[in-house]
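Structure first, commentary second.
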Amino acid sequence: MKAELEAIQAAALEALKDVETADALESLRIEYFGRRGKLTDVMKGMGQLSKEERPVIGKLANEVRASLTDAFEATKNALESEHQEQKLKAEAIDITLPGRKPAYGKAHPVMQTLERIEAIFTQMGFQVVTGPEVETEHYNFDALNTPPDHPARDLHDTFYLTDGHLLRTHNSPVQIRVMESQKPPVRIIVPGKAYRVDYDVSHTPMFHQVEGLLVDRHVTFSELKGVLVSFARQLFGDQTQMRFRPHFFPFTEPSAEMDITCTVCRGEGCRSCGHTGWIEILGAGAVDPEVFRAGNYDPEEVTGFAFGMGVERIANLQFRIPDIRTFYENDLRFLKQF
Amino acid sequence: MNVTQNWLKTYIDFDFSAEELADRLTMLGIEVEAIKELSTALNGVVVGKVTTIRPHPNADKLVLCQVDIGEEDTLQIVCGAPNVREGIFAPVATIGTDLPSGISIKRAKLRGEESHGMLCSEKELDISEDAAGLMELSSDLPIGTGFTDALGLDDTVFELEITPNRPDCLSLIGVAREIRAETGNDIKLPEVNVQEDDTDIREITSVTIDAPDLCPRYAARVIRGVKIGDSPTWLKQRLESVGIGVINNIVDVTNFVLMEYGQPLHAFDYNKLGENRIVVRRATEGEQITTLDEEERKLTPEMLVIADATKPVALAGIMGGYDSEITETTCDVLLESANFQPSSVRATAKALGIHTEASYRFERGTDPEAVIPAIDRATQLIVELAGGTVCQGTIDVYPGKCELGQIQLRPERVNFILGTELEATEIKQILIRLGFGVDTVQQDNIYQITVPTFRRDITREIDLIEEIARVHGYDNIPTTLPKGDIPVPKPNILVEVRRRIKNYLLASGMMEAINYSFCHPNCFDKIRLPEDNPLRDALKLQNPLSPEMSVLRTTLLPSLLVNAQHNHNHQIDNIALFEMSTVFLNGEEPARIAGILAGEIGVGVYGNPYKSPDFFDIKGIVEGALEVCGPTDWTYAITDEPTFHPGRNAEVLLDNQRIGILGEAHPKVLENYELPYKAYLFELDLEKLADAADFSKRFEPIPIYPSVLRDLAIVVEHDMPSDLPIEIIYSTGGDLVESVRLFDVYVGDQVQEGKKSLAYTITYHSATETLTDKEVNDLHDKVVNRLNQELGAELRL
Numbered sequence: 000m001k002a003e004l005e006a007i008q009a010a011a012l013e014a015l016k017d018v019e020t021a022d023a024l025e026s027l028r029i030e031y032f033g034r035r036g037k038l039t040d041v042m043k044g045m046g047q048l049s050k051e052e053r054p055v056i057g058k059l060a061n062e063v064r065a066s067l068t069d070a071f072e073a074t075k076n077a078l079e080s081e082h083q084e085q086k087l088k089a090e091a092i093d094i095t096l097p098g099r100k101p102a103y104g105k106a107h108p109v110m111q112t113l114e115r116i117e118a119i120f121t122q123m124g125f126q127v128v129t130g131p132e133v134e135t136e137h138y139n140f141d142a143l144n145t146p147p148d149h150p151a152r153d154l155h156d157t158f159y160l161t162d163g164h165l166l167r168t169h170n171s172p173v174q175i176r177v178m179e180s181q182k183p184p185v186r187i188i189v190p191g192k193a194y195r196v197d198y199d200v201s202h203t204p205m206f207h208q209v210e211g212l213l214v215d216r217h218v219t220f221s222e223l224k225g226v227l228v229s230f231a232r233q234l235f236g237d238q239t240q241m242r243f244r245p246h247f248f249p250f251t252e253p254s255a256e257m258d259i260t261c262t263v264c265r266g267e268g269c270r271s272c273g274h275t276g277w278i279e280i281l282g283a284g285a286v287d288p289e290v291f292r293a294g295n296y297d298p299e300e301v302t303g304f305a306f307g308m309g310v311e312r313i314a315n316l317q318f319r320i321p322d323i324r325t326f327y328e329n330d331l332r333f334l335k336q337f
Numbered sequence: 000m001n002v003t004q005n006w007l008k009t010y011i012d013f014d015f016s017a018e019e020l021a022d023r024l025t026m027l028g029i030e031v032e033a034i035k036e037l038s039t040a041l042n043g044v045v046v047g048k049v050t051t052i053r054p055h056p057n058a059d060k061l062v063l064c065q066v067d068i069g070e071e072d073t074l075q076i077v078c079g080a081p082n083v084r085e086g087i088f089a090p091v092a093t094i095g096t097d098l099p100s101g102i103s104i105k106r107a108k109l110r111g112e113e114s115h116g117m118l119c120s121e122k123e124l125d126i127s128e129d130a131a132g133l134m135e136l137s138s139d140l141p142i143g144t145g146f147t148d149a150l151g152l153d154d155t156v157f158e159l160e161i162t163p164n165r166p167d168c169l170s171l172i173g174v175a176r177e178i179r180a181e182t183g184n185d186i187k188l189p190e191v192n193v194q195e196d197d198t199d200i201r202e203i204t205s206v207t208i209d210a211p212d213l214c215p216r217y218a219a220r221v222i223r224g225v226k227i228g229d230s231p232t233w234l235k236q237r238l239e240s241v242g243i244g245v246i247n248n249i250v251d252v253t254n255f256v257l258m259e260y261g262q263p264l265h266a267f268d269y270n271k272l273g274e275n276r277i278v279v280r281r282a283t284e285g286e287q288i289t290t291l292d293e294e295e296r297k298l299t300p301e302m303l304v305i306a307d308a309t310k311p312v313a314l315a316g317i318m319g320g321y322d323s324e325i326t327e328t329t330c331d332v333l334l335e336s337a338n339f340q341p342s343s344v345r346a347t348a349k350a351l352g353i354h355t356e357a358s359y360r361f362e363r364g365t366d367p368e369a370v371i372p373a374i375d376r377a378t379q380l381i382v383e384l385a386g387g388t389v390c391q392g393t394i395d396v397y398p399g400k401c402e403l404g405q406i407q408l409r410p411e412r413v414n415f416i417l418g419t420e421l422e423a424t425e426i427k428q429i430l431i432r433l434g435f436g437v438d439t440v441q442q443d444n445i446y447q448i449t450v451p452t453f454r455r456d457i458t459r460e461i462d463l464i465e466e467i468a469r470v471h472g473y474d475n476i477p478t479t480l481p482k483g484d485i486p487v488p489k490p491n492i493l494v495e496v497r498r499r500i501k502n503y504l505l506a507s508g509m510m511e512a513i514n515y516s517f518c519h520p521n522c523f524d525k526i527r528l529p530e531d532n533p534l535r536d537a538l539k540l541q542n543p544l545s546p547e548m549s550v551l552r553t554t555l556l557p558s559l560l561v562n563a564q565h566n567h568n569h570q571i572d573n574i575a576l577f578e579m580s581t582v583f584l585n586g587e588e589p590a591r592i593a594g595i596l597a598g599e600i601g602v603g604v605y606g607n608p609y610k611s612p613d614f615f616d617i618k619g620i621v622e623g624a625l626e627v628c629g630p631t632d633w634t635y636a637i638t639d640e641p642t643f644h645p646g647r648n649a650e651v652l653l654d655n656q657r658i659g660i661l662g663e664a665h666p667k668v669l670e671n672y673e674l675p676y677k678a679y680l681f682e683l684d685l686e687k688l689a690d691a692a693d694f695s696k697r698f699e700p701i702p703i704y705p706s707v708l709r710d711l712a713i714v715v716e717h718d719m720p721s722d723l724p725i726e727i728i729y730s731t732g733g734d735l736v737e738s739v740r741l742f743d744v745y746v747g748d749q750v751q752e753g754k755k756s757l758a759y760t761i762t763y764h765s766a767t768e769t770l771t772d773k774e775v776n777d778l779h780d781k782v783v784n785r786l787n788q789e790l791g792a793e794l795r796l
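Residue numbers (numbering that gives the first Met the number 0), protein chains in the order written: chain A, 0 to 337; chain V, 0 to 796.
If you want it as structure tokens, here you go:
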């Protein structure tokens, strides 16, 4: 009987090797484990064994049964895995087909730059304020220490309206409006549109400026430097060098322009920077005492500084658009690039 | 303004390289915009002297010269120039030189005679167009030295940007003064020594100033017996190096002194002045003058002229008259050096559209004390270059002489403003170098500053502080952060409304556009506004760039339609754009947001195809925009706005007030913008929306008990608004109806003509218990009954 059991085991294991389908496996299972199965038959014959043989053969029979059960289970698992693999293979797709990306819009490139500038100053405690674009001579020029026959008026080609108003040539009039309506300390930025009669590859008749004003009991020129250096580092990166050059604006004194190392050549000197290695990015200065007087502040009681920058110019340091009028054509092929 | 390094060096010593000088000037506030190296292409050309000349044996027009170029042997050079003579100094191009004009100098035989180089004309050296003869050099130049070296042609031109407050820097000496502030070196003014004859100038001319308010000073000199001719090379070179055209020796001298002192001068032909005298007066009504440029100018009584006894002979400070200009036949010269009131010159120059080197300086203000040094310097040079004799004395009428400006400066105020820790002595030193007089009042606590006449821009303490800052160096001022308190900002709802709506629109797939604030006035016709529509009341520009940019926008819609047209014309038809901007209406600048959908919107790839937008796309976008700002209770009403399709538009109402409009563009509007497909537009008033905005969200409990969903399809009259049944469902179910969602609208075979089917999903829910089937069924039946009774709605099965 022992020999019979071993023969069954060997035959079953041999047969399992040839099984390729779940059905064949089931047939084989019935052949051995079914009610009339080969192993079942042997187990049934156990009763006829002698008392001495029974435990020995019984133990062997159980071992054979267990080993075959395991073997059948293993084959079953193998067949199932193989089946699933084949199924998955059949389900393969062309992964190069396009993703179903939802349509999304993009902010205008000038606005993207403006928002970055705003965010930096907002973090430094500047509040965003706006003012009218249609202005009077008083706010745009006179109150900013630029009387009618001042040569500085030549720097701004002004759009005049037929009703005697004008389109502001810079956002600085808001300085006066804020001083008139608010006591110091003042810490504001004024983003918005300004207008000058100018139309070529590097000028649009409407452009965006960010103007800033900080007034307190004791604000120094060194603090102007500190705020603007901090701003430029954040906007242009830690590696960027800054320098302040004396300049002239009627509404600030001392006045300065801030340059950064050229973004194209990194200061080596190239065509973009006129071989100087520097690019001017903003004008600034200590608020002129006359401007304080125009805003009803006492220049002996408060000091402050103001600055102003052109957003298109700063945006284009990054984007390098050869004709900045492209900004305002709203060509979708252009807008989608940024 | 241009200056050159060598020219500057004649007024002050400095050792800077061109780059260093440019950097120093820039950091002083005189921005160097460009640096240009003058020609260094004349290597091999040396100064030579023709020692002997003999005839060429084989050619009548050529001679054989022996030329000394400082070497042991002289060179034999064959020359055909008409001005060649023994003793002449001229440039010699030696063997092996490649001239800029393209000639290469080789050993050559000319008609059988050896020639070891070439004696050159100006044209051959590419210095000027003069090819008439050899370029004659001064006989004091060292023989054999390099030509460019000897003439100072190796030079660097700096293009300077002089800010309008610094007219004193519009001259070589002015720039030299800035270098003095930087280096402390002294200014070397030209030595001027005028030899006068015995005739007193007062006997032969006079100057009368009838308008002393416009002419604070007028000085004149007379030089008689001059010979008009070309200027010498050095003078031409100087003028050409800074970009000033060469005319004749007299005019060139006035221009040279203009560049030197910043004092414009004018030379009259003395004999062409009526009664040989000068009257400075306002023009009379109807008076005319022909200026040097041969233009006839009509004058008005505000304009200041220089006249003779009868007629204007120059526009004061702007341009001379044609009739009294220096010509080849001029023999006697009356030289003018004057000071004019800046705003008068500015107004006249602007009115006549003439801008000259002179007017540029007078408009900004010249130094009245430069009048005499400049006229003396020019007189001396004229005699040197054109001969003649100088009448004794200078006529100097100076009605506008002012006291020197006095300013008190508090040294501690300097540090207070700048954030520096400068010693009083450093401050004093800087001011002295700039030419200010510094006197101490009250033990160094206050300085009394005397302002030189060339710095009329300095009138206040703060002006002095700027001077100290720039000479001390902006780079040397510390960099610190503000110490003051940060003011508490006021909340700004409009900013928040803008931010939310913009984020929402971007997420909905719309691109942000920015348009000019100007538009063409015909845009109101294009969007079909009636004649009396208030949006037509647009502000007009007095000086527009073009008709397309001549009025200010009162609505954003035309700009977006133009953008759609532009894109369509460039084969881009996936138009989803919005713009956020102010418009200009009734003297105010209300904030608006507007958008357009047209063509095919979406992504347009496999699995995510384009779709043509319809009314409900634009409506949905507007609804989302309103929702992100808080309001929930807006309503719609159809309008008769002619911009829109009469049956496909809606105004958006909040508390019965219009806050915006949306809809399909009228076919005629599409035609006006040449769009071949429908376009959907909206425009909202952001300020009204900000008034209604509500960002105060509160938590609502998440439902604990399960909801029950029931679908309901009803057939109603075709023109019944789809929201009527919804109102009835809510009012019937009360708290137990959580939501009603319209999911289908059907018109077609299955439904009787003139009717439509509306299908809703109703969500029933109770906050306090699980609804039983029976409760829901009863409620649902009630809903169906009311819909039937009140709207005649039939249940569609």
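Ideal Cβ placement from N, Cα and C applies to all residues, glycine included.
Check, Outcome
"If you scan the segment 495-532 of chain V from start to end, which runs of the alpha helix (DSSP H) of 4 or more residues do you find wholly inside it?", "522-525"
"Hey, could you find the ends of the beta strand (DSSP E) Arg-363 (chain V) is sitting in?", "Careful: Arg-363 (chain V) lies outside any beta strand (DSSP E), inside the alpha helix (DSSP H) at 356-363."
"Going along the chain, which residues of its own chain have a beta-carbon closer than 8 Å to the beta-carbon of Val-621 (chain V), five neighbours each way excluded?", "Val-651, Gly-659, Leu-661, Phe-681 and Leu-683"
"Using beta carbons (cut-off 7 Å, strictly below), is Gln-111 (chain A) in contact with chain V?", "no"
"DSSP has Ser-114 (chain V) in a bridge; who is on the other side?", "V:Ala-107"
"What's the call for Trp-277 (chain A), buried or exposed, on a 16-neighbour Cβ count within 10 Å?", "buried"
"Counting only beta-carbon atoms, is Gly-285 (chain V) nearer than 7 Å to chain A?", "no"
"Which stretch, first to last residue, makes up the beta strand (DSSP E) that contains Tyr-192 (chain A)?", "Residue identity differs from the one stated: residue 192 (chain A) is Lys in this sequence, not Tyr. Note, Lys-192 (chain A): beta strand (DSSP E), 185-194."
"Determine, using beta carbons only, whether Gly-294 (chain A) comes closer than 7 Å to chain V.", "no"
"Which chain V residues sit within Cβ distance under 7 Å of Met-45 (chain A)?", "Result: empty, since nearest Cβ-Cβ is about 59 Å, beyond 7 Å."
"Can you list the residues of chain A that Glu-465 (chain V) reaches, using a CB-CB cut of under 8 Å?", "Pro-245, Glu-252, Pro-253 and Ser-254"
"Give the secondary structure of Asp-684 (chain V) by DSSP, where H, G and I count as helix, E and B as strand, and everything else as coil.", "strand"
"Which residue marks the beginning of the alpha helix (DSSP H) containing Arg-785 (chain V), and which one marks its end?", "772-790"
"So, does the CB of Gln-174 (chain A) fall closer than 7 Å to a CB anywhere in chain V?", "no"
"Would you identify the three-state DSSP class for Leu-556 (chain V), choosing helix, strand or coil?", "helix"
"Chain V partners of Gly-124 (chain A), CB-CB under 7 Å?", "Ile-485"
"Inspect the beta-carbon positions of Met-166 (chain A) and Tyr-194 (chain A) and report whether they are closer than 7 Å.", "Here residue 166 (chain A) is Leu; the residue named in the question, Met, does not match the sequence. Against a cut-off of 7 Å, the Cβ pair of Tyr-194 (chain A) and Leu-166 (chain A) comes out as a contact."
"For Gly-104 (chain A) and Leu-504 (chain V), which I take to be in contact (beta-carbon distance under 8 Å), what is that distance rounded to the nearest angstrom?", "6 Å"
"Does any CB atom of chain V fall closer than 7 Å to the CB of Leu-160 (chain A)?", "yes"
"Using 7 Å as the threshold, is the C-beta distance between Glu-599 (chain V) and Asp-632 (chain V) below it?", "no"
"Output the distance between the C-alpha atoms of Trp-6 (chain V) and Asp-153 (chain V), rounded to the nearest integer angstrom.", "11 Å"
"Specify, as a first and last residue, the run of the beta strand (DSSP E) that Leu-711 (chain V) falls within.", "707-716"
"List the residues of chain V whose Cβ lies closer than 9 Å to the Cβ of Leu-334 (chain A), in chain order.", "Met-510, Glu-511, Ala-512 and Leu-576"
"Out of curiosity, what's the CA-to-CA distance linking Asp-375 (chain V) and Tyr-397 (chain V)?", "16 Å"
"If contact means a Cβ-Cβ distance below 8 Å, which residues of the segment 595-621 of chain V contact chain A?", "Ile-600, Gly-601, Val-602, Val-604, Tyr-605, Gly-606 and Asn-607"
"In angstroms, rounded to a whole number, what distance separates the CA positions of Gln-194 (chain V) and Arg-223 (chain V)?", "13 Å"
"Give the range of the beta strand (DSSP E) segment to which Trp-277 (chain A) is assigned.", "277-286"
"Check whether the Cβ atoms of Lys-226 (chain V) and Gly-386 (chain V) sit closer than 7 Å, and answer yes or no.", "yes"
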